[in-house]
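Please read the structure below before turning to the comments.
In the working numbering, the protein residues as written are 10 to 460.
If you want it as structure tokens, here you go:
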């Protein structure tokens, strides 16, 4: 008997992007600089010296991109707003021209029958706020809530699903601990403080939304499940440290459990205690949670691997993407079941899932054949369906990404899109993976029964 992969009625299909990765024109029409404008223009930070100055030129080509979404049968589009485009100094003055861009985009989506899902913050902090300490300044919780209020009031009744912050762990680990991402700091002491303030900002924004907003609000976490490299006690201890530092650092306090005990061991004298009322703010209830999922890790004990003292062991029996990530779909099912249990059955949405593979710089005979991405997509959709069958309250799937784009400090060297972008001409070409995804949506998953 053939297995049926038809998804539940009401399951939401879409694709996701982030402002700095696709918009370009970051300083246009009165916008202020972000930390990514600064970081990308600092020599040595970006592969090949790439920047987001043009990116996918979505700021000027958004109508074309909405038309592309309709060709893909998308029901929803998850995008982020550039804080410094709307508030150039990060607080106070509103740049109406910048806000108008998102006004036009949301109207265009609604006219096309596509539901807008808005993320307030996807890593591009206004540079003016970074000058005031950025995520190290405790006042940022109020700054973020004020910024959120501008959008909550502007789009009330038009945007019904909101995310506060995308991937707090990456903001902190990449931006403050290891320095690979903006603002490029390398300090365990700063990482601990920044992580706490990111969570406080989320809580403040949720509370402000309850006062002035309408709809539902949540946060988006990246979870990378950890499987021990062996049954040795030291490898299991390494797994627990890695899981605490990456997955539970932010999840546990959101769920009212405070910080994992293992973080004291990971960060040593850089760790600090925080006021009880902060944790009440952080744990302000949300309506849903987003999961960004790409791969798993198999850590083993390694005392030299700072700060977690664990290093991943490459699983050579499986394929690995261009970013070196193992392809192992069963771990997505495991993660969804785990997250369902950890959140007490909170509605979940896969807000990012995708893979980077080599694609040619331009289409050949009008096509982009990407068989590895096709396999990744269909097998991870099946894994998501398996989780639903196990009782997970999964409400939607947003493919990463709508477009090939600027992969942060990796520049344009890694392509995640289900739509190819020729970065010389800005021509868009739906890849084979995008064609499959369009069919998945039109059949509500049933095409997966036969592929």
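Think of the CB as a built atom: it goes at the ideal place given N, C-alpha and C, for glycine as much as any other residue.
- Under a 10 Å Cβ-count criterion, residue 430 is classified as buried, with 16 or more other Cβ atoms of the shown protein chains found around its own Cβ.
- Looking at 120, 107 and 98, the one whose alpha-carbon comes closest to that of residue 84 is 120.
- Only residues of its own chain outside the window of five on either side were considered, and among them 88, 89, 90, 91, 94, 131 and 133 have a CB closer than 8 Å to the CB of residue 28, listed in chain order.
- Runs of the alpha helix (DSSP H) spanning 4 or more residues and lying entirely within the region 91 to 148 occur at 92 to 95, 105 to 120 and 136 to 139, in chain order.
- DSSP lists 172 and 297 as the beta-bridge partner residues of residue 227.
- A distance below 6 Å between beta-carbons, with the five flanking residues on each side excluded, links residue 292 to the following residues of its chain, in chain order: 265.
- Inter-segment contact for the region 29 to 43 and the region 53 to 64 is present: three or more beta-carbon pairs are separated by less than 8 Å.
- In summary, residue 252 is buried, with 16 or more beta-carbon neighbours lying within 10 Å of its beta-carbon over all protein chains present.
- Contact check for residue 349 against residue 14 fails: the beta carbons are separated by 7 Å or more.
- Sequence-distant Cβ neighbours of residue 212 in its own chain, meaning closer than 6 Å and more than five residues away, are 290, 291 and 293.
- Contact check for residue 197 against residue 279 passes: the beta carbons are separated by less than 7 Å.
- Comparing alpha-carbon positions, the option among 200, 86 and 276 lying closest to residue 122 turns out to be 86.
- Look at residue 357 here: in three-state DSSP terms it is strand.
- DSSP places residue 412 in no beta strand (DSSP E); its state is neither H nor E.
- In the structure shown, residue 366 falls within a coil segment according to DSSP collapsed to helix, strand and coil.
- Contact holds between the region 374 to 392 and the region 436 to 445, because three or more Cβ pairs, one in each stretch, are under 8 Å apart.
- Counted as a single uninterrupted DSSP element, the stretch harbouring residue 307 is not any beta strand (DSSP E), since DSSP gives it neither H nor E.
- The DSSP-derived three-state label of residue 88 is strand.
- Runs of alpha helix (DSSP H) with 4 or more residues, each lying fully within the region 238 to 290, are found at 242 to 252, 258 to 263 and 271 to 276, listed in chain order.
- Cβ contact annotation for residue 312 (same chain, cutoff 6 Å, sequence separation greater than five): 318, in chain order.
- Here residue 387 has 445, 457 and 460 as same chain residues with Cβ atoms under 7 Å from its own Cβ, once five neighbours each way along the sequence are excluded.
- In the DSSP annotation of this structure, the continuous segment of the beta strand (DSSP E) that includes residue 21 starts and ends at 21 to 25.
- Going by C-alpha positions, residue 193 is about 25 Å away from residue 364.
- The C-alpha of residue 368 is placed about 18 Å away from the C-alpha of residue 57.
- Sequence-distant partners of residue 41 (beyond 5 residues in either direction) whose C-beta falls short of 8 Å from its own C-beta, in its chain, are 93, 94, 96, 97, 98, 99, 104, 135, 136 and 137.
- Taking C-beta atoms as the reference points, residue 427 and residue 408 count as a pair closer than 7 Å.
- Between residue 451 and residue 82, the CB-CB gap stays under 7 Å.
- Taking 7 Å as the cut-off, the beta carbon of residue 204 is found no closer than this to the beta carbon of residue 229.
- Less than 7 Å separates the beta-carbon of residue 227 from that of residue 296.
- Relative to residue 433, the option among 414, 448 and 447 whose CA is nearest is 414.
- The DSSP-derived three-state label of residue 341 is helix.
- Residue 398 is classed as exposed because its beta carbon has fewer than 16 other beta carbons within 10 Å across all chains shown.
- Beyond the five residues adjoining it in sequence on each side, residue 127 comes within less than 6 Å, by CB distance, of 168 and 171 in the same chain, given in chain order.
- Residue 298 is positioned such that its CB atom lies closer than 7 Å to that of residue 355.
- Beta-bridge pairing by DSSP links residue 235 to 306.
- Secondary structure at residue 67: helix, using DSSP grouped into helix, strand and coil.
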